[in-house]
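Residue 6 in our numbering is what sits at position 6 of the sequence shown, and the numbering runs on without skipping anything.
Using N, Cα and C, we set each Cβ at its ideal position, and we do this for glycine too.
On a predicted model such as this, the values are computed, not experimentally measured, just so you know.
Report on the structure given below.
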Amino acid sequence: NNIGIKERVPYNAPLIQFSSWMGGDRDGNPRVTPEVTRDVCLLARMMAANLYYSQIEDLMFELSM
């Protein structure tokens, strides 16, 4: 028996969610301003773009003829 589970999880429900607390400590920390949150989001976007770019660049050399 599954104790405490009353409903089944839908087959297409995401089982894992990636997220970040960086810049999200907005529950009373006076140093985390909207600008800090914006800057952290922009930094995360840039880091992800750089990661994708480097992986694509590596694949370009591996798969070139």
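Practice problem: Assuming Ile23 contacts Thr37 (C-beta within less than 8 Å), just tell me the rounded distance between them. | Solution: The sequence shown places Gly at residue 23, not Ile. That belief holds up - the Cβ atoms of Gly23 and Thr37 are roughly 4 Å apart, short of 8 Å.
Exercise. With a cut-off of 8 Å on the beta carbons, I'd call Ser66 and Ala44 a contact; round off their distance for me.
Key: The requested residue 66 does not occur in the structure, where the chain is confined to residues 1 to 65.
Quiz prompt | First and last residue of the uninterrupted alpha helix (DSSP H) at Gln55 | solution = Pro34 to Leu63
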